[in-house]
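Student:
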Amino acid sequence: MTKKPFEGVKIVQLCWAGVGVYTLNYLSHYGATTIRVETSTRPDPVRLFAPFAPTNKEGEPVGLERSAFFSITHTAPELGITLNFKQPEAIEIFKKLVVWADVVGEGFPTGVMDKLGLDYEGLKQVNPEIIMFRTCGYGHTGPMADQPGFGSILTAVTMMDTITGWPDRPPVPPSTYYTDQLSPMYGSLSIMAALDYRRRTGKGQYIDHAQIEAGLNYITPLILDYQANNRELALKGNKCDYAAPHGIYRCRGDDRWIAIAVMSDEEWQSFIKAIGSPDWTQKPEYANAAGRIADSDEIDRRVEKWTVNYPPEKVQEMLQSASVGSGVVANAKDLDEDPQLNHYNFYREMEHPYMGKLRYYHPDPVKLSAVEPDIRRPVLLGEHTDQICTEILGMTQEEVDSLREKGVFD
Amino acid sequence: MLSCYRVLDLTDDKAFICGRALSDFGAEVIKIEKPGGDPSRLKGAFYEDEADPEKNLTWFAFNSNKKGITLDIESPRGKELFLKLVKTADVVVESFAVGYLDRIGLGYKDLSQVNSGIVLTSISGFGQEGPYKDYKDPDIVVRALGGLIYTAGYEDRPPLGVSYEHTHYLGAMNGAVGTMIALAHRVHTGRGQHVEGITQQALDIVCSAEIEGPYSFFGQIPTRHGRARAAVTLKDGSTYYNPLLWPCQDGFIALNLLLNPTAAKNNLSMMEYIKQDSIEIGPFETWDWAGKSWENMSREQADKLMELLGEFFMNHTKDELLKLATENRFQLGPCNNAEDILKYPQLTARDFWKDIEHPELGTTLKYPGGAVVTTQGYAGIRRRAPLIGENNEEIYQELGLSESEIQNLKEQKVI
Chain A
0 MTKKPFEGVK IVQLCWAGVG VYTLNYLSHY GATTIRVETS TRPDPVRLFA PFAPTNKEGE
60 PVGLERSAFF SITHTAPELG ITLNFKQPEA IEIFKKLVVW ADVVGEGFPT GVMDKLGLDY
120 EGLKQVNPEI IMFRTCGYGH TGPMADQPGF GSILTAVTMM DTITGWPDRP PVPPSTYYTD
180 QLSPMYGSLS IMAALDYRRR TGKGQYIDHA QIEAGLNYIT PLILDYQANN RELALKGNKC
240 DYAAPHGIYR CRGDDRWIAI AVMSDEEWQS FIKAIGSPDW TQKPEYANAA GRIADSDEID
300 RRVEKWTVNY PPEKVQEMLQ SASVGSGVVA NAKDLDEDPQ LNHYNFYREM EHPYMGKLRY
360 YHPDPVKLSA VEPDIRRPVL LGEHTDQICT EILGMTQEEV DSLREKGVFD
Chain B
0 MLSCYRVLDL TDDKAFICGR ALSDFGAEVI KIEKPGGDPS RLKGAFYEDE ADPEKNLTWF
60 AFNSNKKGIT LDIESPRGKE LFLKLVKTAD VVVESFAVGY LDRIGLGYKD LSQVNSGIVL
120 TSISGFGQEG PYKDYKDPDI VVRALGGLIY TAGYEDRPPL GVSYEHTHYL GAMNGAVGTM
180 IALAHRVHTG RGQHVEGITQ QALDIVCSAE IEGPYSFFGQ IPTRHGRARA AVTLKDGSTY
240 YNPLLWPCQD GFIALNLLLN PTAAKNNLSM MEYIKQDSIE IGPFETWDWA GKSWENMSRE
300 QADKLMELLG EFFMNHTKDE LLKLATENRF QLGPCNNAED ILKYPQLTAR DFWKDIEHPE
360 LGTTLKYPGG AVVTTQGYAG IRRRAPLIGE NNEEIYQELG LSESEIQNLK EQKVI
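Chains A and B, in that order, are what the protein sequence lines are. Read in order, the letters of the first sequence are residues 0 to 409 in numbering that gives the first Met the number 0. Read in order, the letters of the second sequence are residues 0 to 414 in numbering that gives the first Met the number 0.
#1: Along the alpha helix (DSSP H) that carries Y395 (chain B), what are the first and last residues, could you check?
#2: Tell me the rounded alpha-carbon separation between P158 (chain B) and A329 (chain A).
#3: With distance defined between alpha-carbon atoms, name the residue in B:P34, B:V176, B:V28 nearest to K409 (chain B).
#4: For a contact defined as C-beta to C-beta under 9 Å, what are the partners of K365 (chain B) on chain A?
#5: Give a yes or no on whether 8 Å exceeds the smallest Cβ distance from R301 (chain A) to chain B.
#6: My assumption, with CB atoms under 8 Å, is that M159 (chain A) sits in contact with P142 (chain A). Please give the rounded CB distance.
#7: Listed in chain order, which residues of the region 325-355 of chain B have Cβ atoms closer than 8 Å to some Cβ of chain A?
#8: So what does DSSP say about V302 (chain A), is it helix, strand or coil?
#9: My guess is that N314 (chain B) and Q219 (chain B) are in contact by the Cβ rule of under 8 Å, so how many angstroms apart are they, rounded?
#10: Can you name, in chain order, every residue of its own chain whose Cβ lies under 8 Å from the Cβ of I10 (chain A), other than the five neighbours on each side?
#11: Taking Cβ-Cβ distances shorter than 8 Å, what residues in chain B pair up with I247 (chain A)?
#12: With 16 as the cutoff for other CB atoms within 10 Å, does G170 (chain B) come out buried or exposed?
#13: L248 (chain A) bridges to which residues according to DSSP?
#14: For A192 (chain A), which of helix, strand or coil comes out of DSSP?
#15: For the 8 Å Cβ check, are there 3 or more pairs between the region 17-25 of chain B and the region 36-46 of chain B?
#16: Does the Cβ-Cβ distance between L176 (chain B) and I206 (chain A) come in under 8 Å?
#17: Would L243 (chain B) pass as an interface residue toward chain A - the criterion being a Cβ-Cβ separation below 8 Å?
#18: What number of angstroms, rounded off, separates the C-alpha of T69 (chain B) from the C-alpha of Q127 (chain B)?
#19: Quick one: measure Cβ to Cβ for A201 (chain B) and N173 (chain B), integer angstroms, because I've assumed they're closer than 8 Å.
#20: Consider the Cβ of Y353 (chain A): report whether some Cβ of chain B lies at a distance smaller than 8 Å.
#21: Residues of chain A with a CB under 8 Å from the CB of K42 (chain B): which are they?
#22: Restricting to Cα atoms, I'd like to know which of B:T57, B:E389, B:G369 is closest to H165 (chain B).
#23: Assuming M270 (chain B) and I280 (chain B) form a contact by the criterion Cβ under 8 Å, report the distance between their Cβ atoms to the nearest whole angstrom.
#24: Answer with yes or no whether the minimum CB distance from E238 (chain B) to chain A is below 8 Å.
#25: Residues in the same chain with beta-carbon distance under 8 Å from K291 (chain B), minus the five sequence neighbours each way, listed in chain order, please.
#26: By the three-class DSSP mapping on this structure, what secondary structure does K313 (chain A) have?
#27: Determine the direct distance from the alpha carbon of Y153 (chain B) to that of G67 (chain B), and round the result to whole angstroms.
#28: Check for me: the alpha helix (DSSP H) holding D302 (chain B) runs from which residue to which?
#29: Looking only at its chain, what residues have a beta carbon closer than 6 Å to the beta carbon of V171 (chain A), apart from the 5 residues adjacent to it on each side?
#30: May I ask you to report which of helix, strand or coil DSSP gives S123 (chain B)?
#31: Counting Cβ pairs closer than 8 Å, one from the region 327-347 of chain A and one from the region 279-294 of chain A, do we hit at least three?
#32: Here's a check: name, in chain order, each residue in its chain whose Cβ is nearer than 6 Å to the Cβ of H193 (chain B), leaving out the five neighbours to either side.
#33: Give me the Cα-Cα distance between S295 (chain A) and D339 (chain B), rounded to the nearest whole angstrom.
#34: Around the C-beta of L402 (chain A), are 16 or more other C-beta atoms found within 10 angstroms, so that it is buried, or is it exposed?
#35: Find out if the Cβ-Cβ distance for the pair H383 (chain A), L78 (chain A) is shorter than 8 Å.
#36: What are the complete alpha helix (DSSP H) segments, minimum 4 residues, inside the region 32-100 of chain B?
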């Protein structure tokens, strides 16, 4: 059997919350051996995020293994160890893991690892070739280095909360934790580049990943527009500066909607045919984009008069088969049943010991022709503590048991 | 770090960012345009609003660092030259309509015949196969089918797409990561492969954690709630939506209001600031922030809390609230616009913005710096995007073409 892309790469991950986890998933899905270090004394807050699988028995606490949020984001094969860093022996064990590892990834605000002597300088002393990936909201230097970095705040700070809305109302968030899913790709690239570089040069490195800075790399045109034209982004509802009709239209059913975007004059002609060439479409001004944009409110009303007669799936099919962009405004159920996502085996049903059977475990949004990702249910807290200590670190079971009694593995 | 890799970039504006991100880490990226310039150069905003293909701001943003050549890959001579370039390259990135490269004889099989190590990365809205593969995928359509539109907007109006088109960048950035996975795989196998970055799936990853739990466990379908996102449950068991975004004196801020023991100290001290503004805080004078959460709150109390927070924020500017947040670790942040972010103190302290010269415009523009800071060299923008055909001489001479041959190709409109 051929090797997986990151086979042989060893990762220690202490990433809380979203960004570091999404970042390292790409490596763990594709062959890296990853040990997740946690502690039950201060659990990853995501393990405490509702909703929880309603699988606990009457009176049984919901515990740390039933969060959907945690489960949906931790889909990579990982080995789990619990280490309570309040115990000096836990720090020693962690350092042994650093010696074993190629990459250490962590996602605490600046200061947490540093106080434990586990910053890059500290890790380099035990493993000079280590690649240390640190992600936090604002980066590890500067006056905001130690601020917690919630995705819901960083989305605002990176301008992403002011790109969605109507001209006459306050903006709305496009998603809740948008930068949590925008910044990881840059994180993964940096680690993969660092591994490639180390393979060729033997040199490790320290990577400071600031979610604000990664997020801002998506909005460069807005920064340039401001400097070049002294213009800030104007909210446009669902309209487009250079195309019409372009919007979200009501369909038959309860809160059912279709997105339609006619992006060229050629598509406009196809659109007319697809909706049965009604008289209103024959206005000569509508033959070109400028004419349609100038009268887009009226066109939107007309289009909606047509869409309300059909369920959105039907409109999607009618227009896409005429090569006009259109798509159901998909809700949770639509996504679950979406034929395209299912064609890609995007929902991978698996059994979870605490949560039962679930089908929301996803691969990354990439597909490679020569290798399949390895998708798993999330690792349980400390699931492989004994195995890691004995098999990877060469400790005896007696040592492990006595450290456990001291609370090292809490 | 990646200067040993050569990337041929055939993308349009949906996916410029893919090659750009690889170039940030040092890869040599050659942007290949149609003779006369990429049609994408005519879309979007321009420098000083002058509709000139050499002044397109989206082109500037996501083609910086790249070299630029022109080549008609559909003409027989152009195809031949492209395959010669493929022999020198590690990666080809494209975002054409699905099947286009196969039809013109430049699909993955054709490329791997001349270079078995080549990685072909295809970026698309829905994927290279499956029932939607030939679907048109403009921003609002792929965003709708990816699940991000249904939960955005006000209850009394249609759901909302975005006023800044960037949705395909999510698929494109995944294409960049997939490219690196394939290059890592090549170390073991000696062979390249076909990689896909898929925007619809990237969008589903964005919303999955929020919507799939409620749907899987309880059959609930999360919908849109204006400035609020997540729901909380009050004492009477009813659902309450507390806003994530709030108006303030000169714009908006985001507030991540946590009512749990870890946030008790912060909440208590925020109440003190609110009282300093002579705002009556009523039941929250004696509220047990450490012991109580939404589940202990009546609707009347929740409304009162929203009212006093709203009043407080309206008394202050974004700058004041940012300062307060940083000093007290309050979980709020300004909804920055471009003017704000260019003077954001944290970014200034980190020397984030990079001045990039545009000699042809006689000016310098500030660009976002690298997405990461590393100890093995700078990873980010280094030079402005290429002019049309700027590197033709350099690249075609490297392929062994003489100056007269290059001149000939220009006359035949191959380059």
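Backbone N, C-alpha and C define an ideal beta-carbon position, used for all residues, glycine too.
Tutor: A quick look at the data gives this:
#1: 391-397
#2: Per the coordinates, the alpha-carbon of P158 (chain B) lies some 11 Å from the alpha-carbon of A329 (chain A).
#3: B:P34
#4: I222, L223, Q226
#5: no
#6: At roughly 22 Å, the Cβ-Cβ gap does not stay under 8 Å, so M159 (chain A) and P142 (chain A) are not in contact.
#7: T325, R328, Q330, L331, G332, P333, C334, N335, N336, A337, E338, I340, L341, Y343, P344, Q345, L346, A348, R349, F351
#8: helix
#9: The Cβ separation is near 37 Å, so there is no contact.
#10: L23, L26, S27, A31, T32, T33, I34, A100, D101, V102, V103, G104
#11: I139, A143, I148, P157, P158, L159, G160
#12: buried
#13: Contrary to the premise, residue 248 (chain A) reads as Tyr rather than Leu in this sequence. In the DSSP output, where bridge partners are listed per residue, Y248 (chain A) has A:I257.
#14: helix
#15: With a cut-off of 8 Å on Cβ pairs, the region 17-25 of chain B is not in contact with the region 36-46 of chain B, counting fewer than three such pairs.
#16: First, the amino acid is wrong: residue 176 (chain B) is Val here, not Leu. For V176 (chain B) and I206 (chain A), no; Cβs fall outside 8 Å.
#17: yes
#18: 26 Å
#19: 5 Å
#20: no
#21: Think of a sphere of 8 Å around the beta carbon of K42 (chain B): the chain A residues whose beta carbon falls inside it are Y241, in chain order.
#22: B:T57
#23: 6 Å
#24: The sequence shown places Thr at residue 238 (chain B), not Glu. No - not a single Cβ of chain A is within 8 Å of the one on T238 (chain B).
#25: L258
#26: helix
#27: 44 Å
#28: 298-313
#29: Taken in chain order, the residues that qualify are T163, G164.
#30: strand
#31: no
#32: Within the same chain, Cβ atoms closer than 6 Å to the Cβ of H193 (chain B) are found at Y107, L119, the five residues on either side in sequence being excluded.
#33: Answer to the nearest angstrom: the Cα atoms are 33 Å apart.
#34: buried
#35: Less than 8 Å divides the Cβ of H383 (chain A) from the Cβ of L78 (chain A).
#36: 56-62, 75-87
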